[in-house]
Amino acid sequence: MRARSVLAFCAFIVSVRSTLRTDRQFWLDLAHNELEEALKVKWNLNPAKNVILFIGDGMGPNTVTAARIYKGGESHRLVFEKFPHMGFLKTYSANKMVPDSACTATAMFSGVKVNQDTVGVDATVQHRDCEASLQTETRLQSLAALALDANKSAGFVTTMRVTHATPSPLYAHSASRSWECEASLPNHSPCKDIARQLVEDWPGRDLQVIMGGGRQQLVSNATGTDEDPISTSPWTCYRQDGRNLIEQYKTDKETRGLKHSVVMNNQELRELNVNETDYLLGIFSNEHLSYEHERNKGPEGMPSLAEMVRAAIKVLQKNENGYFLMVEGGNIDMAHHRGWAKVAVSETLAMEKAVQVAADMTDEEDTLLIVTSDHTHTLNINGYPNRGSSIFGIAQPSSYDGVNYTTLSYATGGPGSFQFYVHKDPTLPTGSMVTRRDPSTEDTEQYNYTQIAGIQLVENYHGGGDVAIYARGPYSHLFHNVHEQHYVFHAISHAAKFGNESRSSAVQVSAFHLAIIAAISFFML
Ligand SMILES: *[C@@H]1O[C@H](CO)[C@@H](O)[C@H](O)[C@H]1NC(C)=O
Ligand SMILES: *[C@@H]1O[C@H](CO)[C@@H](O)[C@H](O)[C@H]1NC(C)=O
Ligand SMILES: *[C@@H]1O[C@H](CO)[C@@H](O)[C@H](O)[C@H]1NC(C)=O
Ligand SMILES: *[C@@H]1O[C@H](CO)[C@@H](O)[C@H](O)[C@H]1NC(C)=O
Ligand SMILES: *[C@@H]1O[C@H](CO)[C@@H](O)[C@H](O)[C@H]1NC(C)=O
Ligand SMILES: *[C@@H]1O[C@H](CO)[C@@H](O)[C@H](O)[C@H]1NC(C)=O
Ligand SMILES: [Zn+2]
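Shown next as structure tokens:
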């Protein structure tokens, strides 16, 4: 017993010392290892047979830093931080300096910047201009469509509704991201809702993998439970037109003789027969999927992003031509909107687990694996907490009023983030004073702790800073400096020889031949 506690004490000392080493050798080793790694980096010029694009929604650089510190301390590196190539993306949209998720996803999937809140249509379409979005020349082709055209498989996995802003530009064309079901379309609109486009139109109906939430967008008069309630918020949509698009999905696949599976919970996903499944639809929730720390992991519950990615890759890799897969960690953004930095960090780490699954299941020789984000949030990491402190803890007392402040804060926030109080004080020249709530009287380590925000709004708004893009595999070196967000489409198309880029190698060869002919003619003259 005594020996054991002595051992435990020693282990404790060693672990504290090893996380907080400051000696010269420690820093030299860290840097030498990085240098060795950097010197080994080679360009991979293989065609990208497979492409997996991870989007951490709202996962700005400070979110990644906070996740890294929470998981392993300041010197830790997340899986995707070890990828050999990276760059930055400028996230502004065609009409906004600070974007939403629909225009940014459209930029990355279809190669042009477009207007805020529009889906899969170019910038000639203004928000909610249904007529303009019906003109075929305004409609953009996505990477999923190009992958199918190249006889590859394509699909997506998200923790959001499958009709939400990030996945929908893969398959839909809509003048508004909110037209997810018929109930949110204006009366008598000739436009088709996003859920119907997913199930009825191309490329949605040919996608091999569709997984996420959004049952109440797909099935009329869906019913909820305590754990998985129906939402009537103005941000969502409740289908009531009598359609059951999940049944329609099954009928379509049966009619075309396509092997398919529809799964609704963990047990059904775990029992999936991949051999008998070429088309997989997984709808695990009426709304968005639960946060990772709250989700029911039992048979009736919802899967993690990592579990969905594993199943998706198993189905997609059956195609010997390869595949395109988009994965969205959407609850990072949802948590930031509520001002819950710890939940946003936990969701970032849940996505990291999914990235690890994708990295383990694929070969860097033939699979371009990308991790990026669509936009930032206004999360700040404030000065000057000590190294080794909890990222969710107190930084120090303010030199202005002596009241503690937290290391993390937001610039904008909803009511819960507003932590200033006005006190009437007739002895003061202003007649009142403002005080700040003292975070050291609260448990800032709770998932539901709301960090302070400077400007009060209905919720935390997105930020307009650049986001990082990390890449490994064929042509990952195309991400190497500060890029336009819509460049992602062009770099992926080049790597995977999609669309116009499928001809570019032929063009290079003929240019090469022309040069030889020119050289020969020169010598003959
Ligand atoms: C895809 O497959 C079809 C049918 O087998 C074939 O006609 C077409 O040329 C193929 N396209 C590409 C890009 O390989
Ligand atoms: C759904 O509910 C609406 C409104 O209560 C009702 O009018 C409609 O008949 C219901 N549809 C179905 C398919 O049950
Ligand atoms: C699926 O197919 C593979 C290869 O044909 C086979 O080895 C495996 O046993 C099959 N699995 C099931 C569950 O049928
Ligand atoms: C500030 O927070 C620290 C850590 O929680 C606490 O020990 C300290 O008493 C607090 N100081 C003030 C002035 O509230
Ligand atoms: C936060 O969560 C804790 C533990 O689940 C709970 O006791 C507390 O009431 C919650 N606080 C708020 C503000 O929701
Ligand atoms: C592909 O090439 C055609 C013909 O040159 C051009 O009109 C079109 O804009 C190109 N598409 C993309 C996405 O670059
Ligand atoms: Zn958002």
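If you count by mature numbering (1 follows the signal peptide of the UniProt record, and there is no 0), then the sequence shown holds residues -18 to -1, 1 to 507, one letter each, in order. Quick reminder that beta carbons are idealized off the backbone N, C-alpha and C, glycines included. Just so you know, these numbers come straight off a predicted model, no measurement behind them.
Considering only C-alpha positions, which residue in the set the options is nearest to residue i?
i	options	result
Met193	Gly365, Thr88, Leu263	Leu263
Ser244	Arg225, Arg238, Phe266, Thr237	What sits at residue 244 in the sequence shown is Val, not Ser. Out of Arg225, Arg238, Phe266, Thr237, Phe266 has the C-alpha closest to the C-alpha of Val244.
Gly269	Asp131, Thr145, Ala13, Asn44	Correcting the residue type first, residue 269 is Glu in the shown sequence and not Gly. Closest option to Glu269, Cα to Cα, is Thr145.
Ala435	Arg485, His318, Ala450	His318
Gly446	Glu427, Ser414, His357	His357
Glu18	Lys64, Ala114, Asn255, Ser380	Lys64
Thr164	Ser135, Val201, Pro151	Here the sequence assigns Glu to residue 164, which means Thr is not the residue at that position. The residue with the shortest Cα to Cα distance from Glu164 is Val201.
Thr140	Leu152, Tyr220, Leu130	Leu152
Asn301	Pro285, Asp183, Tyr261	Tyr261
Report yes if the C-beta distance between residue i and residue j is below 8 Å; otherwise report no.
i	j	result
Leu390	Ile363	yes
Gly196	Arg143	yes
Gly370	Gly55	yes
Ala125	Phe91	One point to set straight first is that residue 125 is Leu, not Ala, in the sequence displayed. Closer than 8 Å, so yes.
Glu209	Asn278	yes
Ala340	Ile34	yes
Ala157	Ala87	no
Gly311	Asp39	yes
Gly304	Asn32	yes
Ile474	Ala48	no
Gln230	Val181	yes
Leu350	Gly455	yes
Ala288	Lys335	yes
When burial is assigned at 16 or more other CB atoms within 10 Å of the CB, is residue i buried or exposed?
i	result
Met316	buried
Glu329	buried
Val(-3)	Confidence at Val(-3) is low in this model, with a pLDDT of 49, below 50, so its placement is unreliable and no value can be given for it.
Lys406	exposed
Met415	exposed
Gly69	buried
Leu12	exposed
Leu2	exposed
Asp82	buried
Lys174	buried
Ser160	buried
Gln190	buried
Ile176	buried
residue 515	Look at the range of the chain in this structure, -18 to 507, and you will see that residue 515 is not part of it.
Met(-18)	With a pLDDT of 40 at Met(-18), under the threshold of 50, the predicted position of this residue should be treated as unreliable, though the coordinate-derived value follows. Counting Cβ neighbours within 10 Å, Met(-18) comes out exposed, since fewer than 16 surround it.
Asp448	buried
Leu251	buried
So if DSSP puts residue i in a beta bridge, which residue, or which two residues, is it bridged to?
i	result
Ser355	Gly38
Glu466	Lys72
Gln438	Gly395
Give me, in chain order, the residues of the same chain whose beta-carbon lies closer than 6 Å to that of residue i; leave out the 5 immediate sequence neighbours on both sides.
i	result
Pro367	Ala377, Thr389
Lys479	Pro29
Glu466	Lys72
Ala76	Lys95, Val96, Asn97, Ala105
Apart from the five residues just before and just after residue i, which ones in its own chain have a Cβ nearer than 7 Å to its Cβ?
i	result
Gln401	Arg418, Arg419, Ile434
Ile437	Ala393, Thr394
Ala326	Thr45, Ile314, Ala317, His318
Output yes if chain D places a C-beta closer than 8 Å to the C-beta of residue i; else output no.
i	result
Ala204	Although the question refers to chain D, the structure presented lacks it and comprises just one protein chain.
Report all residues from its chain with a CB closer than 8 Å to the CB of residue i; omit the five preceding and five following residues, and keep chain order.
i	result
His155	Val101, Gly102, Val103, Ser115, Thr120, Arg121, Leu122, Gln179
Asn442	His318, His319, Arg320, Gly321, His359, Thr360, Tyr392, Thr394, Gly395, Gly396, Ser399, Ala435
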